[in-house]
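Notes to accompany the following structure.
Numbering (our numbering), first residue to last: 5 to 437.
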């Protein structure tokens, strides 16, 4: 079934005269606002509407027919991106647009198809101006940070996040204000910060929120007041309270985010452009009890750039990538197990590890890199029986004769660089043919 919006969109795509394009655009916008029912793609991973980044804008997707929305969801399901279809009644349309604004959306794509219409959100709802209100009284502090956190959570849940996405989010966090609930002691007037307790006595984290809606949804009991905190405050909170495991942003939402001290330090370095002084930690026999696993979703961007470096530098013979987490930590780190070439001594190894960390940082999804040498017993144990992701070209066998029956050796594998997407992650679904 073709909707009026779809008919108008086709006409718009075939029209070049400015006045007629303006008239058709106004008709489409009027239909979007007033059509009895529209449909939205919903993301169970974040418990929020599906978002993507198109042409550097956080974008949501609205559909004039249920059939079109389901076709969109099915197309993404084939990419292992699971979406649901939700309908929105006309009486709830303003609330829908307001919620999209709260979450950083600046653009809505209507009926993703060969002929689609992209409309700025400001054309559908007046963007509120909270500049005259004190920060702590504003319903929305910084919608961009909420949108970037939602995008990052989506990509992580689907194994599509890259280091650039995470660094972009961390930089926004660095510059953004947050709401922090607290209560005052009746005895001496001191402030007690709101904390979030992990289950099974797993420790506690400070709570902060991106906006009043997120705070009220979480309903932090016994903390009736809130104040504005920024990055420097978050850093001081953890520095002064080493018993706290970190900070949780928007607990109770579908897309909470955890920050520990290491991630805060990485946030500061990335926001200030300081990629040279990267902390390098090397695992040794005194590291304590750790949990080492293979990454569930191999980070292909990280593997590619490490392999490229190893091929240019003959210091490493083989390399394995793992995730490692100490028992008391809530975030894992990447672990590189390196089989060093002969003659590479400790001082040179340190310099090489530093260089590796500098290369890996933009693609490490905000995780620190730790190292262990293969010749240690636990280095060998953590590789298990798996193949390394990198292995230097082997030298020719010394005493194995070549016979007519011998199978020819396979040619060395060519390093394949990941395909760079020129637009957003899902732009090919929206582009005209």
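Think of the CB as a built atom: it goes at the ideal place given N, C-alpha and C, for glycine as much as any other residue.
Keep in mind the model is a prediction, meaning the values are calculated, not measured.
Determine the closest residue to residue i out of the options, with distance taken between C-alpha atoms.
| i | options | result |
| --- | --- | --- |
| residue 190 | 180, 250 and 226 | 226 |
| residue 393 | 22, 163 and 307 | 307 |
| residue 303 | 355, 338 and 245 | 338 |
| residue 202 | 96, 262, 154 and 156 | 262 |
| residue 52 | 273, 260 and 172 | 260 |
| residue 34 | 94, 65, 19 and 205 | 94 |
| residue 397 | 367, 103, 323 and 121 | 323 |
| residue 268 | 138, 372 and 361 | 372 |
| residue 316 | 298, 360, 350 and 305 | 360 |
| residue 84 | 192, 115 and 48 | 48 |
| residue 305 | 199, 368 and 257 | 368 |
Which residues share a DSSP beta bridge with residue i?
| i | result |
| --- | --- |
| residue 250 | 209 |
| residue 67 | 43 |
| residue 91 | 43 |
| residue 324 | 341 |
| residue 58 | 61 |
| residue 2 | Outside the modelled stretch of the chain, which goes from 5 to 437, sits residue 2, for which no answer is possible. |
| residue 315 | Per DSSP, none; premise fails for residue 315. |
| residue 215 | 144 |
| residue 111 | 63 and 124 |
| residue 183 | 213 and 232 |
| residue 373 | 338 |
| residue 200 | 209 |
Nearest-angstrom Cα distance between residue i and residue j?
| i | j | result |
| --- | --- | --- |
| residue 343 | residue 374 | 14 Å |
| residue 10 | residue 276 | 46 Å |
| residue 46 | residue 174 | 25 Å |
| residue 43 | residue 56 | 17 Å |
| residue 382 | residue 176 | 39 Å |
| residue 453 | residue 220 | Within the shown structure, residues of the chain are numbered from 5 to 437, placing residue 453 beyond reach of any answer. |
| residue 78 | residue 70 | 12 Å |
| residue 39 | residue 98 | 12 Å |
| residue 109 | residue 327 | 33 Å |
| residue 82 | residue 247 | 45 Å |
| residue 195 | residue 187 | 6 Å |
| residue 402 | residue 152 | Only weak support exists for where residue 402 lies, its pLDDT of 38 falling under 50; the coordinates are left without a value. |
| residue 165 | residue 156 | 7 Å |
| residue 224 | residue 242 | 20 Å |
| residue 400 | residue 313 | Bear in mind that the predicted position of residue 400 carries a pLDDT of just 40, short of 50, making it unreliable; the figure below should be weighed with that in mind. Roughly 23 Å separates the two Cα atoms. |
| residue 23 | residue 172 | 39 Å |
| residue 245 | residue 264 | 12 Å |
| residue 123 | residue 113 | 6 Å |
| residue 41 | residue 74 | 15 Å |
| residue 319 | residue 249 | 37 Å |
| residue 58 | residue 205 | 42 Å |
| residue 390 | residue 185 | 48 Å |
| residue 410 | residue 379 | Bear in mind that a pLDDT of 36 at residue 410, under 50, signals an unreliable position, so the model cannot answer this. |
| residue 101 | residue 170 | 26 Å |
| residue 7 | residue 104 | 23 Å |
| residue 366 | residue 146 | 24 Å |
| residue 20 | residue 297 | 57 Å |
| residue 154 | residue 212 | 16 Å |
| residue 72 | residue 115 | 7 Å |
| residue 321 | residue 354 | 16 Å |
| residue 412 | residue 395 | With a pLDDT of 40 at residue 412, under the threshold of 50, the predicted position of this residue should be treated as unreliable, though the coordinate-derived value follows. Answer to the nearest angstrom: the Cα atoms are 20 Å apart. |
| residue 18 | residue 37 | 23 Å |
| residue 311 | residue 266 | 26 Å |
| residue 199 | residue 192 | 20 Å |
| residue 15 | residue 92 | 25 Å |
| residue 414 | residue 351 | Legend: pLDDT at residue 414 = 42, less than 50; position of this residue unreliable, no value from coordinates given. |
| residue 257 | residue 96 | 21 Å |
| residue 25 | residue 121 | 12 Å |
| residue 442 | residue 13 | Beyond the ends of the chain as shown, which are 5 and 437, falls residue 442; an answer cannot be given. |
Within this structure, are the beta carbons of residue i and residue j separated by less than 8 Å?
| i | j | result |
| --- | --- | --- |
| residue 106 | residue 149 | no |
| residue 67 | residue 54 | no |
| residue 387 | residue 348 | no |
| residue 329 | residue 376 | no |
| residue 210 | residue 229 | no |
| residue 252 | residue 140 | no |
| residue 222 | residue 255 | yes |
| residue 80 | residue 87 | yes |
| residue 514 | residue 178 | This structure cannot speak to residue 514, because the chain is shown only from 5 to 437. |
| residue 111 | residue 50 | no |
| residue 309 | residue 363 | yes |
Touching by the beta-carbon criterion (3+ pairs, under 8 Å), the segment 227-239 and the segment 129-137: no
Within the chosen definition, does the segment 21-41 reach the segment 121-128 through at least 3 CB pairs nearer than 8 Å? yes
Any 3 or more C-beta pairs closer than 8 Å across the segment 207-224 and the segment 154-165: no
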